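Quick notes on the structure that follows.
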Amino acid sequence: MSFRDRLRITLLVVILSLLAACTSAEESPVPTRAVLPSITPDIAAVSLSAVRTVEATAGTTATSTLPVTVPPAASPTPPLPSLTATDTPFTAAPTSVPTTRLIVSPTPSSPATTTSPAASATPPPETATPVPTREVRPIGAAGFPTPLITAIRLETATPTPSATPQESPTPSTTPFPTPIGEASVTTASQQVVNLMQEPSHTATIIRAVASGENMFLIGRAWNNEWYQVRLMDGVEGWIYALYLVVWIDTSRLIVTHLEPTRPPVAMVGSFALGGHVMNLNEDAFGTMHQAGMTWLKVQHRYHHGERGSAVASMVNAAHRAGFRILLGVVGERGQLASIPNYHAAFADFVAGAALAGADAIEIWNEPNIDREWPRGFIHGGNYTDLLRVSYNAIKAVSPATIVVSAAPAPTGFFGPAGCGDGGCNDDIFLKQMAFAGAQNFLDCVGLHHNDGIVSPTQRTGDPRGDHPTYFLSGVISRVPSEFNSRPLCFTEVGYLSPEGYGTLPPNFAWAAGTSVAEHAQWLGEAVQVARTTGRVQMLIVWNIDFNVYTYEDPMAGYAIRRRDGGCPACAALAAAIR
């Protein structure tokens, strides 16, 4: 086929397409722009300058670009504007369509309506930039194209301008905690820890959580000592932070508990009498029963890394013999000064001891002197740091266990300054503890009185002078008022007599004149004085059966079970406790 023949066919196709378009335009009304008076923000209308339509007809398809304007109506049967197959807008001939249909969306109270502006209405000037669209619009049920413009109902009155929308305030309620990380229970000396209902050691126990169990973190207490957790089965509660390995930055956690619940004091009960033993045997137990004692004290020297279960045999032996046990735990001062995170390890140990059944635990021994605490670090605040983590660890696993603060050595050795490089006077040390908040982390204030050489009923008359530590009542008077809400526990009360053992070492020569009879009498009187104060809950006699009598420490001279096996003090003690 020649080029000329192909051109003729192409022109014929174009002509037939134009004729088909004209026929389609005559059969269907031309979609037009709605003329909307006084367009305001309350009228959701769109001014269109051009609409491209692709309408499907029976057996034919016409594509046209129809830039349309709506001039004033002039004739009921206006001629149709000519069509062009180009994308360039054009101006229609000066004619008009009979009506402009505005489709109004129905409201709940009225049906859809149509409006027809007057034929003489002058359309607003063309200002909008044509926005051509290409959409497929099916023929409506009544033979009209589906409306291209939908608008809300037109108001007849001038609308009142709406207020500028304001952003709703954020609710002040506490957001629901969302897990942001995971944690795992880890303990060195017990298999389970308690999931508590509140971040308090005396709150209701929800259940035990096994070591190694994973959970989600959803909150924290104000002091970061407790974490709110959600277990894998959905149960929520609180676990003491010492027992968790946390894998996130906990500062991201929401503080879901602003104020810790102050636990009530774990009480000894009525006044309790006990004795410090060296041997857990029938001789010691028999002497204690003879003296009317119900508590037994054992001191355990903790070595770093040791498990709390190491004391289980001592606890069980005391219980089998019918005694409640006060466990004094004291560590190595060298390890305390040199091992990182020593406090946490020590606290883990005493928590394990509580789980092993210890009825009461004394945290350390005489930390105000360098015999027990590292030189250069002796301060009541430093000790309170250890007391705090130990108390919290114990209460997390055994809220009923009584926590006794370490009794300071009663001394005025450091003079008016109160403290020196080697330690602090007991009253100053207790004040430092109170300033550090120790009263919040103990159930009973530990005290010692073991250098008296006169009756405990006296307040003066000691040949060495009238220093308060020489008298039982003087030791009580040195306890700061900050501890008034807590009872007192004498974890050592003893009188030294060299009778039956020989000469005392020079450092203990002050007790050279004390007889065994005085030793027995004064112990009985000490119990009577302590009971009448109303503040002392426990008195532990130092000691029951120690048999060491050396140049450094004549401990056997304090024992109520003397070298011959007798107990002169037992009758006086039993009478005082009745």
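Each residue of the sequence shown is one higher than the one before, starting from 13 at the first, in the numbering used here. No residue lacks a Cβ here, since even glycine has one placed at the ideal position from N, Cα and C. These figures come from a predicted structure and were not determined experimentally.
Alpha helix (DSSP H) containing residue i: first to last residue?
i: residue 358; result: 354-367
i: residue 325; result: 324-332
i: residue 345; result: 345-350
i: residue 311; result: No alpha helix (DSSP H) contains residue 311, which is instead part of the beta strand (DSSP E) from 307-313.
i: residue 589; result: 582-589
i: residue 429; result: Run containing residue 429: none; DSSP gives neither H nor E here.
i: residue 442; result: 438-447
i: residue 487; result: 484-489
i: residue 408; result: 392-409
If I'm right that residue i touches residue j with Cβ under 8 Å, what's the distance once you round it to whole angstroms?
i: residue 375; j: residue 409; result: Incorrect: roughly 15 Å between the Cβ atoms, too far for contact.
i: residue 479; j: residue 444; result: So it is not a contact: roughly 20 Å between Cβ atoms.
i: residue 492; j: residue 446; result: 5 Å
i: residue 467; j: residue 385; result: In fact, because the Cβ distance is near 32 Å, the residues do not count as touching under 8 Å.
i: residue 550; j: residue 259; result: About 43 Å separates the two Cβ atoms, so there is no contact after all.
i: residue 340; j: residue 309; result: 6 Å
i: residue 362; j: residue 405; result: 6 Å
i: residue 454; j: residue 498; result: 6 Å
i: residue 2; j: residue 316; result: As displayed, the chain neither begins before 13 nor continues past 590, which places residue 2 out of reach and without an answer.
Output the distance between the C-alpha atoms of residue i and residue j, rounded to the nearest integer angstrom.
i: residue 303; j: residue 585; result: 5 Å
i: residue 438; j: residue 420; result: 5 Å
i: residue 265; j: residue 540; result: 54 Å
i: residue 235; j: residue 251; result: 13 Å
i: residue 577; j: residue 502; result: 26 Å
i: residue 221; j: residue 320; result: 18 Å
i: residue 430; j: residue 381; result: 12 Å
i: residue 424; j: residue 481; result: 8 Å
i: residue 436; j: residue 452; result: 22 Å
i: residue 528; j: residue 569; result: 9 Å
i: residue 589; j: residue 300; result: 12 Å
i: residue 238; j: residue 580; result: 51 Å
i: residue 543; j: residue 347; result: 39 Å
i: residue 401; j: residue 511; result: 43 Å
i: residue 582; j: residue 398; result: 37 Å
i: residue 513; j: residue 224; result: 55 Å
i: residue 212; j: residue 246; result: 21 Å
i: residue 262; j: residue 268; result: 13 Å
i: residue 217; j: residue 233; result: 17 Å
i: residue 515; j: residue 572; result: 18 Å
i: residue 26; j: residue 14; result: 19 Å
i: residue 305; j: residue 507; result: 18 Å
i: residue 293; j: residue 413; result: 25 Å
i: residue 521; j: residue 373; result: 32 Å
i: residue 379; j: residue 464; result: 21 Å
i: residue 145; j: residue 19; result: In this predicted model, residue 145 has a pLDDT of only 41, less than 50, meaning its place in the structure is not dependable; the value taken from the coordinates is given anyway. Approximately 32 Å between the Cα atoms of the pair.
i: residue 496; j: residue 296; result: 35 Å
i: residue 563; j: residue 240; result: 55 Å
i: residue 330; j: residue 215; result: 29 Å
From the DSSP secondary-structure annotation, give me the bridge partner or partners of residue i.
i: residue 548; result: 500
i: residue 227; result: 195, 243
i: residue 374; result: 340, 416
i: residue 537; result: Looking at the DSSP assignment, residue 537 forms no beta bridge with any residue, so it has no partner.
i: residue 424; result: Residue 424 is not bridged to any residue.
i: residue 250; result: 208, 240
i: residue 476; result: Looking at the DSSP assignment, residue 476 forms no beta bridge with any residue, so it has no partner.
i: residue 575; result: Note: residue 575 sits in no beta bridge, so no partner.
i: residue 25; result: For residue 25, which the question treats as bridged, DSSP gives no partner whatsoever.
i: residue 232; result: 239, 267
i: residue 505; result: 461, 553
i: residue 284; result: 550
i: residue 569; result: Per DSSP, none; premise fails for residue 569.
i: residue 320; result: BP columns for residue 320 are empty, so no partner.
Just to confirm the assignment, what range does the beta strand (DSSP E) spanning residue i have?
i: residue 206; result: 204-208
i: residue 459; result: 457-461
i: residue 269; result: 267-269
i: residue 221; result: 217-222
i: residue 296; result: It is not in any beta strand (DSSP E) - residue 296 instead sits in the alpha helix (DSSP H) that spans 294-302.
For residue i, would you say it is in contact with chain B, using Cβ-to-Cβ distances shorter than 8 Å as the test?
i: residue 480; result: In the structure shown, chain B does not exist; there is a single protein chain.
Review point. Just checking, does the region 226-241 make contact with the region 287-301 on the three C-beta pairs under 8 Å criterion?
Key: Contact between the region 226-241 and the region 287-301 is absent: fewer than 3 CB-CB pairs across the two stretches fall below 8 Å.
Check your understanding: For the 8 Å Cβ check, are there 3 or more pairs between the region 243-259 and the region 541-557?
Key -> Contact annotation: the region 243-259 does not touch the region 541-557, with fewer than three C-beta pairs closer than 8 Å.
Practice item. Take every Cβ of the region 310-326, pair it with every Cβ of the region 360-369, and state whether three or more of those distances are shorter than 8 Å. Key: The region 310-326 is in contact with the region 360-369.
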